[in-house]
Amino acid sequence: MALKTYRDALREALREEMLKDERVFVMGEDVGVYGGIFGVTAGFLEEFGEARVKDTPISEAAIAGIATGAAMTGMRPVAEIMFIDFTTIAMDQLVNQAAKWHYMSGGRIKVPMVLRTATGTGRRTAAQHSQSLEAWHAHVPGLKVVMPSTPYDAKGLLKSAVRDNNPVVFIEHKMLYNEKGEVPEEEYLIPLGKADIKREGDDCTVVATSLMVKRALEAADILAGEGISIEIVDPRTIRPLDIETICTSVSKTHRLVIVHEANGFCGVGAEIAAQVVEKAFFELDAPIARVAGLETPIPFSPILEDAVVPNVNAIAAAVRRLVRGEQ
Amino acid sequence: MDIKLEESLEMYRLMLRIRYFEEKIVEVYAQGLMPGLAHLYIGEEAVAVGVCAALRPEDLITSTHRGHGHCIAKGGDVKRMMAEMFGKSTGYCYGKGGSMHISDIELGIVGANGVVGGGIPLATGAALSAQLRNSGQVVACFFGDGASNQGVFHESLNLATVWRLPVVYICENNGYGISVSQERHQAIKDIAVRAGAYGMPGVVVDGNDVEAVYEATREAVARARRGEGPTLLECKTYRWRGHHEGDPNRGSRYRSREEIAAWEERCPIKNYETKLLARGVSPDRLEEIQKQVKKEIEDAVEYANNSPFPAVEEAVSQVYAD
Chain A
4 MALKTYRDAL REALREEMLK DERVFVMGED VGVYGGIFGV TAGFLEEFGE
54 ARVKDTPISE AAIAGIATGA AMTGMRPVAE IMFIDFTTIA MDQLVNQAAK
104 WHYMSGGRIK VPMVLRTATG TGRRTAAQHS QSLEAWHAHV PGLKVVMPST
154 PYDAKGLLKS AVRDNNPVVF IEHKMLYNEK GEVPEEEYLI PLGKADIKRE
204 GDDCTVVATS LMVKRALEAA DILAGEGISI EIVDPRTIRP LDIETICTSV
254 SKTHRLVIVH EANGFCGVGA EIAAQVVEKA FFELDAPIAR VAGLETPIPF
304 SPILEDAVVP NVNAIAAAVR RLVRGEQ
Chain B
222 MDIKLEESLE MYRLMLRIRY FEEKIVEVYA QGLMPGLAHL YIGEEAVAVG
272 VCAALRPEDL ITSTHRGHGH CIAKGGDVKR MMAEMFGKST GYCYGKGGSM
322 HISDIELGIV GANGVVGGGI PLATGAALSA QLRNSGQVVA CFFGDGASNQ
372 GVFHESLNLA TVWRLPVVYI CENNGYGISV SQERHQAIKD IAVRAGAYGM
422 PGVVVDGNDV EAVYEATREA VARARRGEGP TLLECKTYRW RGHHEGDPNR
472 GSRYRSREEI AAWEERCPIK NYETKLLARG VSPDRLEEIQ KQVKKEIEDA
522 VEYANNSPFP AVEEAVSQVY AD
């Protein structure tokens with residue numbers, strides 16, 4: 004075990020997979036000479052060379068589409084789109100092509116590609132560089148969507164994503180790159196589609212994604228001081244969703260708060276809430292609460308940015324309302 | 222250029238196979254045997270056949286919504302194509318793709334595509350794959366004049382030139398994007414000039430002369446295989462029928478009947494027949510080929526009619542690969 008950053012964990016994962024399988028290569032803006040805008044591919048150009056570490060022009064649709072075409076014909080590309088906000092430019096290739104060729108071909112074509120991207124607020128990068136668009140991608144049958152919250156999860160999940168024979172949208176949070184956590188020295192994989200209990204508790208289940216896992220853990224400490232114990236479930240993979248682990252937790256605690264940074268309307272929390280109602284309604288002792296971003300673009304000024312996304316107090320308050328039966 | 226007799230007869234056969242296949246689709250579509258949309262290639266046969274004649278079996282193509290001609294020219298089995306278009310489980314995609322998404326990776330048909338320009342980055346990626354694997358494969362990417370205005374056309378051709386990818390871009394300029402004529406959708410006349418914008422060679426070709434298409438493609442493919450990068454071939458041609466079956470008046474609502482008639486006079490198949498006869502091929506030989514191909518198409522319809530639909534459970538299978 005060693006203490007590593009989320010960034011280093013991702014780098015290790017990618018490096019190990021590139022050493023293991025020569026079909027794996029990376030492509031994207033500034034992934035080579037610059038080492039990736041968030042530093043994830045630092046050193047890769049020197050180690051693997053230009054053929055396998057490809058700096059691209061600013062062409063998101065082509066980045067996604069070329070990765071798709073390469074994946075359809077024998078390679079295993081790991082493409083990067085710098086900010087998830089820009090995946091909107093690549094939507095035809097991700098949604099109409101990558102997600103659908105396996106199905107449309109009757110199973111005869113596979114698209115083993117990973118699309119890495121960075122999400123979230125906190126860097127004050129404002130409306131067009133701060134969004135959380137996982138719901139867009141998770142809505143598409145044929146795509147898999149992963150959101151790691153810790154270095155340990157990031158490494159194990161990225162390795163699995165590279166080995167998966169489907170298009171995987173791998174969403175890293177820009178404020179987590181410097182987060183440190185324990186990562187084993189020996190090789191390990193984390194399967195996609197498996198949630199993780201980040202903290203056990205009895206009074207309320209809190210399902211949290213990405214950076215919100217960290218916020219929920221902080222809220223848990225505050226609430227523990229008030230005699231409230233929460234169980235934090237981190238889905239880790241958004242699609243396919245491990246609803247069983249969530250429902251098992253709800254069967255234990257009988258209360259559910261869902262927290263995600265993305266705005267609430269049509270967010271992933273809505274899907275989780277609907278599924279829990281369908282599958283575990285009679286386990287609930289209270290309505291399901293969602294703590295989500297407000298229905299706004301992300302503003303620039305720090306005081307405004309902080310106001311439109313969930314924070315530790317908001318999570319704690321939501322739990323208190325449910326546990327104390329307040330309206 | 223010197224083309225062996227067998228090669229020229231094979232090109233003739235393939236053009237006929239496309240023509241008869243598409244004419245049969247007109248029939249069966251009108252009879253309601255074929256669900257969905259049909260975008261027919263009648264009039265454009267020389268482009269698909271000329272290009273594919275210059276490819277090796279292991280080379281790859283990407284196609285369009287108007288893709289039956291490309292698939293047949295690349296070696297597609299008309300039985301499995303017809304079955305796919307009827308939605309039967311014996312089709313190339315087990316009935317799950319349909320006319321616009323026919324693919325057979327074993328034949329090198331990466332896929333037809335329902336999104337205009339959708340295949341352009343896919344072809345570019347397939348060429349990158351060939352380059353990284355050092356396979357020596359070349360990719361032929363078909364698209365129309367309409368697609369040359371899509372943003373992803375620009376992105377893909379630019380990148381292919383920078384990375385010197387082994388891809389030949391074939392623009393089938395049939396003068397229309399559905400109902401909008403070329404003069405109304407772009408300011409240039411020759412799409413080939415766009416090649417200069419990316420730093421690749423651009424060539425204008427008579428798309429109704431199968432040997433001209435073959436020759437131009439051979440050169441471009443050789444360039445690509447030598448590692449010199451992509452070429453843009455613009456093949457000028459014309460679609461005889463409407464954009465899709467159901468497009469009223471075979472497209473004469475937005476095109477004049479005189480224009481359609483003038484292009485029908487320049488039929489690529491009739492012209493090639495004339496050439497072959499002038500070279501001493503007997504009319505009987507050509508008639509023999511016509512009979513054989515007609516029978517193939519009849520057999521394909523019978524095969525498709527007699528094939529079962531997929532089991533309903535297949536609707537939810539293969540969303541994800543194992």
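If you read the sequences in order, they're chains A and B.
Just so we're aligned, residue 4 is where the first sequence starts under this note's numbering, counting upward by one.
Just so we're aligned, residue 222 is where the second sequence starts under this note's numbering, counting upward by one.
Where a beta carbon is used, it is the ideal one built from N, C-alpha and C, also for glycine.
Partner residues on chain A for residue i, Cβ-Cβ distance less than 9 Å
| i | result |
| --- | --- |
| H322/B | K103, W104, M107 and S108 |
| N379/B | P60, S62 and A65 |
| E420/B | One detail in the question is off: residue 420/B reads as Gly in this sequence, not Glu. By Cβ distance, chain A contributes nothing, its closest Cβ being about 13 Å from G420/B, past 9 Å. |
| V431/B | Ordered by position in chain A, no residue passes the 9 Å Cβ test against V431/B, which lies about 28 Å from the chain. |
| I326/B | M75, T76, S108, R111 and I112 |
Range covered by the beta strand (DSSP E) that runs through residue i
| i | result |
| --- | --- |
| Y390/B | V388 to N394 |
| C456/B | T452 to K457 |
| M303/B | Taken as a continuous stretch (DSSP letters only), M303/B belongs to no beta strand (DSSP E), being part of the alpha helix (DSSP H) at V299 to M306. |
| I293/B | I293/B -> not in any beta strand (DSSP E); alpha helix (DSSP H) instead, spanning H289 to A294. |
| G332/B | I330 to G332 |
| M385/A | Any property of residue 385/A remains undetermined from this structure, which presents chain A solely from 4 to 330. |
| G423/B | G423 to D427 |
| D58/A | V56 to D58 |
Residue i: contacting residues in chain B (beta-carbon distance under 8 Å)
| i | result |
| --- | --- |
| A73/A | G346, A347, L349, S350 and L353 |
| N169/A | Y541 and A542 |
| D95/A | V336, G339 and V373 |
| K113/A | A542 |
| V70/A | Correcting the residue identity first, residue 70/A is Ala in this sequence and not Val. Result: G346. |
Paired residues, beta bridge with residue i - DSSP
| i | result |
| --- | --- |
| L118/A | A82/A and V172/A |
| C362/B | T283/B and Y390/B |
| G184/A | K7/A |
| S402/B | Y397/B |
| C207/A | I233/A |
| D199/A | D237/A |
| A292/A | V260/A |
| N266/A | G296/A |
| D325/B | I330/B |
Within chain A, partners of residue i - CB distance below 7 Å
| i | result |
| --- | --- |
| Y315/B | G109 |
| G357/B | Result: empty, since nearest Cβ-Cβ is about 13 Å, beyond 7 Å. |
| G501/B | None at all; the shortest Cβ gap to chain A is about 42 Å. |
| E376/B | S62, A64 and A65 |
| G318/B | M107, S108 and G109 |
| G428/B | Going along chain A, no residue has its Cβ under 7 Å from G428/B, so there is no contact; the nearest lies around 25 Å. |
Chain-ordered neighbours of residue i on chain B, where CB pairs are closer than 7 Å
| i | result |
| --- | --- |
| Q100/A | G339 and L343 |
| A54/A | L353 |
Limits of the unbroken alpha helix (DSSP H) element including residue i
| i | result |
| --- | --- |
| G68/A | E63 to M75 |
| K158/A | P154 to R166 |
| G340/B | G340 to R354 |
| V431/B | V431 to R446 |
| K147/A | Not the alpha helix (DSSP H): K147/A falls in the beta strand (DSSP E), residues K147 to V149. |
| L507/B | P504 to N527 |
| Q278/A | V271 to A283 |
Residues that residue i contacts on chain B, provided the C-beta gap is smaller than 9 Å
| i | result |
| --- | --- |
| I301/A | The contacting residues do not exist; I301/A stays about 26 Å from chain B at best. |
Proximal chain A residues relative to residue i, where beta-carbon distance stays under 8 Å
| i | result |
| --- | --- |
| G467/B | Ordered by position in chain A, no residue passes the 8 Å Cβ test against G467/B, which lies about 22 Å from the chain. |
| V424/B | Those do not exist, as V424/B stays about 23 Å from chain A at its closest Cβ, beyond 8 Å. |
Quiz item: Do the stretch 342 to 361 of chain B and the stretch 409 to 424 of chain B touch if we need at least three Cβ pairs shorter than 8 Å?
Solution: At 8 Å Cβ cutoff, the stretches do not touch.
Within the chosen definition, does the stretch 364 to 373 of chain B reach the stretch 302 to 319 of chain B through at least 3 CB pairs nearer than 8 Å?
The stretch 364 to 373 of chain B makes no contact with the stretch 302 to 319 of chain B; the number of CB pairs closer than 8 Å stays below 3.
Chain B contacts made by the stretch 130 to 164 of chain A, where a contact means CB separation under 8 Å:
Per Cβ criterion, the list reads P144, G145 and K147.
#### Entry: Interfacial residues, the stretch 294 to 308 of chain B to chain A, with Cβ spacing under 8 Å
Going along the stretch 294 to 308 of chain B in chain order, one finds no residue with a Cβ nearer than 8 Å to chain A.
Three or more C-beta pairs below 8 Å linking the stretch 128 to 144 of chain A and the stretch 89 to 98 of chain A = Yes, the stretch 128 to 144 of chain A is in contact with the stretch 89 to 98 of chain A.
Original post:
Got a sec: which bits of the stretch 380 to 398 of chain B sit with their beta carbon under 8 Å from any beta carbon on chain A, in order along the chain?
Top reply: Going along the stretch 380 to 398 of chain B in chain order, one finds L380, V383 and W384 with a Cβ nearer than 8 Å to chain A.
Fill in: Three CB pairs or more closer than 8 Å across the stretch 306 to 326 of chain A and the stretch 204 to 224 of chain A
With three or more CB-CB distances shorter than 8 Å, the stretch 306 to 326 of chain A counts as touching the stretch 204 to 224 of chain A.
Taking a Cβ distance cut-off of 8 Å, strictly less, list which residues of the stretch 272 to 295 of chain B are near chain A, in chain order. Hits within the stretch, in order: L281 and T283.
TODO: Check each residue of the stretch 434 to 454 of chain B: if its Cβ is closer than 9 Å to any Cβ of chain A, include it; give the result in chain order.
DONE: Those would be none; no residue qualifies.
Report yes or no: do three or more beta-carbon pairs, one from the stretch 287 to 295 of chain B and one from the stretch 240 to 251 of chain B, lie closer than 8 Å?
By the Cβ test, the stretch 287 to 295 of chain B is in contact with the stretch 240 to 251 of chain B, since at least three Cβ pairs between them sit closer than 8 Å.
- What residues in the stretch 255 to 268 of chain B have a beta carbon less than 9 Å from any beta carbon of chain A? Those would be none; no residue qualifies.
Discussion item. Can you pull out the residues from the stretch 22 to 33 of chain A whose beta carbon lies closer than 7 Å to at least one beta carbon of chain B?
Written reply: Within the stretch 22 to 33 of chain A, the residues whose Cβ lies closer than 7 Å to some Cβ of chain B are F28, listed in chain order.
Tell me, please, whether the stretch 268 to 276 of chain B touches the stretch 336 to 347 of chain B by the rule of three or more beta-carbon pairs shorter than 8 Å. As far as the Cβ criterion goes, the stretch 268 to 276 of chain B does not touch the stretch 336 to 347 of chain B, which means the pair count is below three.
Three or more beta-carbon pairs under 8 Å between the stretch 170 to 181 of chain A and the stretch 212 to 227 of chain A, yes or no? When Cβ pairs closer than 8 Å are counted between the two stretches, the stretch 170 to 181 of chain A is seen to touch the stretch 212 to 227 of chain A, the count reaching three or more.
- Task: For the stretch 375 to 394 of chain B and the stretch 440 to 458 of chain B, state whether three or more C-beta atom pairs, one from each stretch, are separated by less than 8 Å.
- Result: Here the stretch 375 to 394 of chain B lies against the stretch 440 to 458 of chain B, with 3 or more beta-carbon pairs under 8 Å apart.
- prompt: How do the stretch 304 to 314 of chain B and the stretch 525 to 540 of chain B stand: do at least 3 beta-carbon pairs fall below 8 Å, yes or no?
  reply: Yes, the stretch 304 to 314 of chain B touches the stretch 525 to 540 of chain B.
Near-chain B residues of the stretch 185 to 203 of chain A (beta-carbon distance less than 8 Å), N- to C-terminal order: Only those residues of the stretch 185 to 203 of chain A whose C-beta falls short of 8 Å from the nearest C-beta of chain B would be listed, and there are none.
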